[in-house]
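Engineer:
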Amino acid sequence: MLNHLMIGSSDIEKTKSFYNAVLGVLGAGDPIEHTNDTGQKRLFYIHDGTTFGISEPINGEAVTTANGSTIGFLCNSPEQVVELHDVAVANGAVSVEDPPGPRDSSMGVMHLSYFLDPDGHKICGIHRPG
1282 MLNHLMIGSS DIEKTKSFYN AVLGVLGAGD PIEHTNDTGQ KRLFYIHDGT
1332 TFGISEPING EAVTTANGST IGFLCNSPEQ VVELHDVAVA NGAVSVEDPP
1382 GPRDSSMGVM HLSYFLDPDG HKICGIHRPG
């Protein structure tokens, strides 16, 4: 359903280093780097038919996060959920909510991990068995 998702970055090089490590866990390669016509640097991670973009704010204002928003990355296994979280924390993320692992819910068991990236965007690793 989604073509791409883009978030803002207050330090594009720091954010690139962070997401190279974190998205590398999922098999994403280095991003395509692009500077738009008004001079903002942007990164595009293209993997498995989707694009995750990061941009310096085009309006020149400070980066903000959306309260209540979460970006979820699909993981291949429960172990990859944990690895995504651990690599993120090792590269400057802040772990939030419960420790990585299985959660029982009305939608069945899901393996989840949550962290805040260096700009405060809430990120989730998710694996749904079966």
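The opening position of the sequence shown corresponds to residue 1282 in the numbering used here, with each subsequent residue numbered one higher. Note that beta-carbon positions come from the ideal geometry of N, C-alpha and C, so glycine has one too.
#1: Taking Pro1381 as the reference, give the member of Ser1387, His1366, Thr1346 with the closest Cα.
#2: Compute the Euclidean distance between the alpha carbons of Gly1305 and Gln1321, then round it to the nearest angstrom.
#3: Run the CB neighbour count on Asp1383, radius 10 Å, all protein chains shown included, and call it buried at 16 or more, exposed below.
#4: Quick check: the segment 1289 to 1297 against the segment 1392 to 1409, are at least 3 beta-carbon pairs closer than 8 Å?
#5: Once DSSP output is grouped into helix, strand and coil, what is the label at Pro1359?
#6: Give a yes or no on whether the minimum CB-CB distance between Phe1325 and chain B is below 8 Å.
#7: If distances are taken between C-alpha atoms only, which option among Phe1299, Glu1342, Glu1337 comes closest to Ala1374?
Structural biologist: Taking the definition as stated:
#1: Against the sequence shown, residue 1381 aligns to sequence position 100. Per the Cα distances, His1366.
#2: In the sequence shown, the residue the question calls residue 1305 occupies position 24. In the sequence shown, the residue the question calls residue 1321 occupies position 40. So the alpha carbons of these two residues sit roughly 24 Å apart.
#3: Residue 1383 sits at position 102 when you count from the first residue of the sequence shown. Residue identity check: residue 1383 is Pro in the sequence provided, not Asp. The residue in question, Pro1383, is exposed, as its Cβ has fewer than 16 Cβ neighbours within 10 Å.
#4: yes
#5: Stepping through the sequence shown from its first residue, residue 1359 is reached at position 78. Residue state, collapsed to three classes: helix.
#6: The chain labelled as chain B is not found in the depicted structure, where only one protein chain is given.
#7: Taking the first residue of the sequence shown as 1, we reach residue 1374 at position 93. Selected option, being the one with the closest Cα: Phe1299.
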